[in-house]
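Just so you know, the protein sequences line up as chains A and B, in that order.
For reference, each letter of the first sequence is one residue, going 1 to 59 in the working numbering.
For reference, each letter of the second sequence is one residue, going 60 to 512 in the working numbering.
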Amino acid sequence: MNPSREHILNKIRALRQDVIEAPAIPEFDVAEDLISTFKISSAANKGEVIDREAFVALL
Amino acid sequence: MNHPEKAAEFLEDKENAKWHDETLWFVRDKRDVVSKTIPEWEELRETASQIKNNVLSNLDEYLVEFERNALANGIKVHWAKDAEEHNKIVLDILQQNDCKAIVKSKSILTEECHLNQYLEKNGVDVVDTDLGERIVQFLNQPPSHIVLPAIHLKKAQVSDIFHDKLNTEKGNHDPSYLTNAARLHLREKFLAAKVALTGVNFGVAETGEFVVCTNEGNADMGVHLADVHVACMGIEKIIPKREHLGVFLRLLARSATGQSVTNYNSHFRSPAKGKEIHIVLLDNGRTEQLGREKFKNSLKCIRCGACMNTCPIYRRSGGYSYGSVVPGPIGSILSPGIDLKKHSTLPFASTLCGSCTDVCPVKINIHEQLYEWRQEITKAQSSINAKSLAMKFANGIFSVPFAYKLGGNMMRGALKLLPHSITYSKLNTWGKERDLPELPNESFKDWYKKNKS
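Next comes the structure, spelled out in structure tokens:
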């Protein structure tokens with residue numbers, strides 16, 4: 001095992017003992033925009049023509 | 060020299076100081092305009108803040124998840140507990156690849172580790188490929204701003220530097236001409252480098268990929284031409300899921316430069332055939348900061364620099380006055396955690412106006428943390444200093460009504476009679492930039508007694 005890896009993780013784990021309940025990740029809708037962005041980027045990577053206006057509108 | 064001394068030096072050139080102030084305010088203004096174009100801006104900030112809260116509370120799990128997925132993708136993962144170990148890991152990778160010259164895109168983390176100096180001492184030529192970073196590298200200076208490294212230099216100064224280093228026409232400070240000269244110069248370096256080094260803006264735990272954001276495409280150029288890519292990442296740069304980039308990328312560009320999106324948001328997931336990707340995960344005091352309840356929020360920082368652009372002190376004192384890798388308000392809450400003695404003046408380099416907190420895309424309570432650091436520093440410093448003695452003396456006077464009345468009468472008389480050289484002596488630092496108010500002939504209490512009807 002990498003000693004620095006264990007050193008870092010153990011330090012963080014020791015701090016976690018004080019945390020009673022970790023805050024949750026909130027639900028949000030804004031990521032939908034990015035998922036669409038990734039779909040467009042992915043399409044572009046495959047050589048498909050994308051609608052520039054639609055892409056810019058997402059940003 | 061401490062911050063006030065360096066700031067005073069910066070302000071000696073009044074014209075330059077005014078230009079610096081106005082230039083950064085221009086960037087701040089752009090940020091305001093573009094952030095208002097999306098109605099969910101405040102929702103984005105709140106969401107980003109909560110995602111980061113979640114990350115900081117589960118950091119060990121996300122790091123392990125990131126490592127597992129990165130390894131599965133064929134990325135080699137290294138862990139460094141401090142800057143020394145980080146630099147050694149990078150040098151070992153270079154030596155294993157018989158590499159004597161690297162190209163590097165902007166990475167504040169490597170500035171933090173003083174990697175350039177370390178590699179150069181060990182016979183490796185390091186070329187910073189971000190244009191601003193290359194300019195300050197020619198001057199052997201560090202960046203003065205984390206996003207705009209050469210913001211303290213005017214184009215005429217850049218022209219002189221390029222004339223000296225790249226043999227451009229003397230006096231030609233046309234930005235297109237200078238940029239083209241830099242492109243030609245850097246192109247040779249890109250083509251020759253076997254190893255390219257980048258920072259990391261976001262590491263995605265669920266996929267083991269990482270994202271590097273640049274406006275010049277220099278990270279991509281370096282990485283795609285080199286056989287080996289070394290990416291250096293602070294452990295706090297983890298985000299849980301790829302979809303969270305939808306929050307952070309939109310906040311980052313708008314907050315940093317007032318753009319709707321950074322020109323290049325490059326995702327690195329696995330090495331191409333015959334190539335290598337290494338990622339170095341660095342602690343270097345971050346776990347200590349995580350353990351400081353009042354200050355751990357500072358680890359939410361995405362290094363956009365918005366707090367610098369808005370800060371009246373940063374704009375009027377320049378990045379170098381802070382004497383730390385990360386200057387400005389965020390640097391003033393990060394740096395004391397690294398070296399309290401060296402950076403003890405930084406939390407006082409603030410008006411506590413709260414503008415930094417207002418613009419922070421991840422809602423770090425920067426001005427409150429600055430105030431907290433002031434208290435920590437006052438406690439840590441020796442109790443015998445001029446300010447604490449003055450406060451003790453004042454406490455003695457204010458707590459005894461007779462002493463307060465007597466002191467007031469004496470000072471009203473004495474200040475009228477004492478010569479200017481004494482009332483404004485070097486011991487009176489308050490009077491350096493201020494004039495005493497006109498002294499009344501009587502106290503308010505006496506005036507009230509006479510005038511109450």
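Think of the CB as a built atom: it goes at the ideal place given N, C-alpha and C, for glycine as much as any other residue.
Residues of chain A with a Cβ closer than 7 Å to the Cβ of K140 of chain B are, in chain order, S4, H7, I8. With contacts defined by Cβ atoms closer than 8 Å, P420 of chain B and L311 of chain B form a contacting pair. Our two residues, H145 of chain B and D342 of chain B, have alpha carbons roughly 9 Å apart in a direct line.
Collapsing the DSSP output to three states places C272 of chain B in a strand. Taking a contact to require three or more Cβ pairs closer than 8 Å, the region 258 to 273 of chain B and the region 307 to 327 of chain B qualify as touching. Under the 8 Å criterion on CB atoms, Q348 of chain B is classed as non-interfacial with respect to chain A. Rounded to the nearest whole angstrom, the CA to CA distance from K135 of chain B to P330 of chain B is 10 Å.
Taking the Cα of A445 of chain B as reference, the smallest distance to any Cα among B:F457, B:N487, B:Q434 is reached at B:N487.
N454 of chain B is not bridged by DSSP to any residue. With contacts defined as CB atoms closer than 8 Å, G350 of chain B and L9 of chain A fail to qualify as a contacting pair. Apart from sequence neighbours up to five positions away, the residues of its chain that approach S203 of chain B with a beta-carbon distance below 8 Å are V195, A209, I210, H211, G377, G378, Y379, P386, ordered along the chain. Just so you know, the alpha carbons of D141 of chain B and A215 of chain B end up roughly 39 Å apart. Against chain A, the CB of D119 of chain B has a partner CB under 8 Å away; the residue lies at that interface. The residue from B:N368, B:G390, B:L256, B:S314 with its alpha-carbon nearest to that of S357 of chain B is B:G390.
Per DSSP, reduced to three states, the secondary structure at T238 of chain B is helical. Nearest CB-CB separation between E144 of chain B and chain A: below the 8 Å threshold.
M292 of chain B is bridged by DSSP to B:L340. The distance from the Cβ of A240 of chain B to that of L225 of chain B is about 5 Å, consistent with a contact at the 8 Å cut-off. In the three-state scheme derived from DSSP, where H, G and I count as helix and E and B as strand, D398 of chain B is classed as coil. Neighbours of I294 of chain B across chain A, judged by C-beta separation under 7 Å: I8.
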